[in-house]
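What follows is a short report on a single structure.
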Amino acid sequence: MQNLGIIAALKDEVKNILENPFFNWQEIKPNVFHSLQYKLYLVITGVGKANAVYGLSKIIDKVPRIFILGTSGGLNAEKIGALYLSLEFVEHDMDASGLGFPKGVTPFDDIKDVVISNYSRQTVTQIKNICQKLNLALNFGRTISGDQFLANPVLSTQKRTAFEAQLVDMESAAIAKICKKEGKKVLALRYIADNANHDSCISWTENVQTSSEIFNQILEGLCVKS
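If you use this note's numbering, the sequence shown corresponds to residues 37 to 262, in order.
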């Protein structure tokens, strides 16, 4: 098994993983954990793009693959409680269109595409097989990320249409961007814990515990398979 880095914004999103003796975690720095049993590193980054990439910087030299875990908002008809594997990411709050750049593209950057993607097909296959064995329905969707909490239905619809996206969070695209620059494989497993257009905080609180156990089971499966 190659070293694998786990990234989560909040501790509650991976609470069951950290409490699982199967992994035998050791905290090597504040909010940075290393499994003494498997080739795993886990970082709790905090919310937002800057915190996400700062957290990533603590383990990126140790791992060739990054696995982002956490909750997301659905941008359309995505059901609360649905599990999504995201392979494509967009920075929805990057807007230099006034300079002639497409929305989502950073001016003068070496990444010219709106959509950021650099994933391992082998890992995707492993996750699909694990979910099938666990009787978990696995969906696929594009994630948009930005330092903006989308609670306005009109704005949510505009973002969904502009970027052809299904999910929204505040970290994944920034992590994916750095991973692509550094040649690291990256994907995200996201649990729809709220709708991006209403009742977001209430729904997240009610659903995060369920998502934490699902992530725990899938990560166990990856370790056993590898």
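Yeah, the Cβ is synthetic: ideal placement off N, Cα and C, and Gly gets one too.
In the displayed model, residue 252 falls within a helix according to three-state DSSP.
A distance below 7 angstroms between beta-carbons, with the five flanking residues on each side excluded, links residue 48 to the following residues of its chain, in chain order: 244 and 248. Rounded to the nearest angstrom, the Cβ distance from residue 182 to residue 102 is 19 angstroms, too far for a contact under 8 angstroms.
In the three-state scheme derived from DSSP, where H, G and I count as helix and E and B as strand, residue 105 is classed as strand.
Straight-line spacing of the CA atoms in residue 90 and residue 128 works out to 20 angstroms. Only residues of its own chain outside the window of five on either side were considered, and among them 119, 173, 174 and 254 have a CB closer than 8 angstroms to the CB of residue 167, listed in chain order.
Counting along the chain, no alpha helix (DSSP H) covers residue 62; the unbroken beta strand (DSSP E) around it starts and ends at 61-65. For residue 42, the three-state secondary structure derived from DSSP is strand. Around the C-beta of residue 44, 16 or more other C-beta atoms lie within 10 Å, and the residue is accordingly described as buried. Residue pairing of residue 71 in beta bridges, as defined by DSSP: 61.
Taking every protein chain shown into account, the CB of residue 230 has 16 or more other CB atoms within 10 angstroms, so this residue is buried. Assigned with DSSP and collapsed to three states, residue 150 falls in coil, not helix or strand.
Using a Cβ distance threshold of 8 angstroms, residue 154 and residue 216 count as a contacting pair. Secondary structure note for residue 179: its beta strand (DSSP E) is the uninterrupted segment 179-181. Nearest neighbour of residue 208 by Cα position, chosen from 222, 130 and 131, turns out to be 222.
Selection 177, 205 and 171 evaluated against residue 185 yields 205 as nearest (Cα-Cα). Apart from the 5 residues on each side of it in sequence, residue 224 sits with its Cβ closer than 7 angstroms to the Cβ of 104, 122, 179 and 208 in its chain, given in chain order. Assignment of beta-bridge partners to residue 226 by DSSP yields 106 and 120. Distances from the CA of residue 170 to each of 54, 151 and 252 were compared; the closest alpha carbon is that of 252. In its chain, beyond the 5 residues on either side, 125, 152 and 222 have a beta carbon closer than 6 angstroms to the beta carbon of residue 212.
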